[in-house]
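Scroll down for the structure; my scribbles are underneath it.
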Amino acid sequence: MIWFRIDNRLVHGQIIEAWLPHIRAKTLLVANDDLAADELRQEIMSLAVPSGISFMCCQVSEVASMLRNVRKSDPDQHVLILFSDCADAKAAHMTGLSFSLVNIGNLHYGPGKEQVCEHIALGAEDRSCLKYFKEHGVEIDFRCVPSATTKINL
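Dropping the structure here:
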């Protein structure tokens, strides 16, 4: 299983305690240009990742090839791929990363954004991105944790 998630917090408790066990992921791959360029932040995030879970970071443009390499070494490997925002997930999709479902776990409120539920605030760029996904057959799953039943109508 490969699970794609947008969560601006990246590696945090819900990822470690809920999502990794839920999908039985053995690899956590974060696709974020800022994090890929910051070895200290990578090291700090890696401290939260349990032993036995491979933790990798890459630029958004490299995520498709990184995933191919992970799957080449073990085709049955379960992988959780994290993006910090919709724009990164869309950019990855446009550069060849194929997925039919993306989970949106958290997008913080900010200027120009509308709070659509407790954990998701959307701005014009986010809405445009979600429209892109819908037009390309990508289902949007709005949940903080696997057991949540949040339904959002956009």
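Using our numbering, the final residue of the sequence shown is 154, and nothing's skipped along the way.
Note that CB positions come from ideal geometry on N, CA and C, so glycine has one too.
The beta strand (DSSP E) that contains residue i, what's its start and end?
{"i": "E135", "result": "No beta strand (DSSP E) holds E135; the alpha helix (DSSP H) holding it covers 124-135."}
{"i": "Q10", "result": "Residue identity check: residue 10 is Leu in the sequence provided, not Gln. From DSSP, L10 is part of no beta strand (DSSP E); its letter is neither H nor E."}
{"i": "T27", "result": "27-31"}
{"i": "E114", "result": "114-117"}
How is residue i classed by DSSP in three states: helix, strand or coil?
{"i": "N175", "result": "Within the shown structure, residues of the chain are numbered from 1 to 154, placing residue 175 beyond reach of any answer."}
{"i": "D141", "result": "strand"}
{"i": "A18", "result": "helix"}
{"i": "A36", "result": "helix"}
Once the 5 residues before and after residue i are set aside, which same chain residues still bring their CB inside 6 angstroms of it?
{"i": "I99", "result": "According to the sequence shown, residue 99 is Phe rather than Ile. F4, listed in sequence order."}
{"i": "A36", "result": "C57, C58, Q59"}
{"i": "A18", "result": "V145, P146"}
{"i": "Y132", "result": "K90"}
Quick check on residue i - is its C-beta less than 9 angstroms from some C-beta in chain C?
{"i": "V102", "result": "Among the chains in the structure shown there is no chain C, since it carries only a single protein chain."}
Give every residue of the same chain whose Cβ lies closer than 8 angstroms to the Cβ of residue i, excluding the five residues on either side of it in the sequence, and list them in chain order.
{"i": "Y109", "result": "Q115, A121"}
{"i": "R24", "result": "M1, H78"}
{"i": "L10", "result": "V30, N32, L35, M45, L82, S84"}
Using a Cβ-Cβ cutoff of less than 7 angstroms, which residues in the same chain neighbour residue i once the five nearest sequence positions on both sides are dropped?
{"i": "S73", "result": "none"}
{"i": "K113", "result": "A121, L122, G123"}
{"i": "D126", "result": "C86, L107"}
TODO: Give, in chain order, every unbroken run of the alpha helix (DSSP H) that is at least 4 residues long and sits entirely within the region 40-102.
DONE: 63-73, 86-94
Are the region 66-83 and the region 13-32 touching by the rule of at least three beta carbon pairs closer than 8 angstroms?
yes
Stretch pair the region 87-99 + the region 42-55: three plus CB contacts closer than 8 angstroms:
no
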